[in-house]
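What follows is a short report on a single structure.
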Amino acid sequence: MKKEIKDTIIVDLGEKLKEYPHFYLVDVTGLNAEETSQLRRKCFKNEVKMVVVKNTLLRKALDASDVDFEPLYDCLVGSTAVMFAQTANVPAKLLKEYDKQDFPALKAAYAEESVYIGADKLAELAALKSKNEVIAEIVALLQSPAKNVVSALQSGGNTIHGVLQTLGERPE
170 MKKEIKDTII VDLGEKLKEY PHFYLVDVTG LNAEETSQLR RKCFKNEVKM VVVKNTLLRK
230 ALDASDVDFE PLYDCLVGST AVMFAQTANV PAKLLKEYDK QDFPALKAAY AEESVYIGAD
290 KLAELAALKS KNEVIAEIVA LLQSPAKNVV SALQSGGNTI HGVLQTLGER PE
């Protein structure tokens with residue numbers, strides 16, 4: 170491969186690292202062409218960008234980045250695919266579908282500004298909540314006390330009205 174092509178690939182990977190806040194390093198050694206195509210289709214449907222890369226070129230792109238990715242360097246062995254995503258848990262959920270098989274296997278991940286190394290972290294990564302999920306939970310928690318107060322006042326208003334009506338109808 171010519172140096173110009175390598176430089177282009179490194180720059181392209183660097184741009185993807187800036188564009189996508191989360192990425193997973195996946196071992197795709199055991200997948201044949203058909204299985205790889207199916208995985209790519211699933212990634213495309215879930216807005217995940219999957220790129221098979223040379224480890225040395227990925228390492229150079231990681232070196233050029235502003236973030237310190239040094240803990241990931243030991244995982245750059247064998248066949249590596251990078252799954253770029255806007256939401257941290259989407260690639261993990263995709264990989265969990267293949268959990269019973271040996272491949273694709275998670276090597277490492279950079280999600281929510283943390284490094285996760287090893288296939289045993291897959292369940293933890295799948296359990297991560299996206300920003301929108303966290304916001305929805307907070308909104309629901311904030312609304313529940315207000316709903317309880319409103320419903321108590323509404324039901325209490327009917328009760329108070331009934332008591333006052335009964336007292337008003339009583340003969341003196």
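Per the working numbering, residue 170 is the first one in the sequence shown, and the count goes up by one each step. Ideal Cβ positions, reconstructed from N, Cα and C, are used throughout, including at glycine. None of these values were measured; they are calculated from a predicted model.
Around the C-beta of Val-303, fewer than 16 other C-beta atoms lie within 10 Å, and the residue is accordingly described as exposed. The DSSP-derived three-state label of Ser-283 is strand. In this structure, Leu-297 lies away from Ala-250, with their beta-carbon atoms at least 8 Å apart. Its chain contains Leu-194, Lys-276 and Ala-277 as the residues whose beta carbon lies nearer than 6 Å to that of Cys-244, once the 5 sequence neighbours on both sides are disregarded; these appear in chain order. About 7 Å separates the Cβ atoms of Tyr-279 and Leu-241, confirming a contact at the 8 Å cut-off. Rounded to the nearest angstrom, the gap between the Cα atoms of Leu-310 and Thr-198 is 45 Å. Apart from the 5 residues on each side of it in sequence, Lys-211 sits with its Cβ closer than 7 Å to the Cβ of Leu-263 in its chain, given in chain order. For Pro-314, the number of other beta carbons within 10 angstroms of its own is below 16, and it is reported as exposed.
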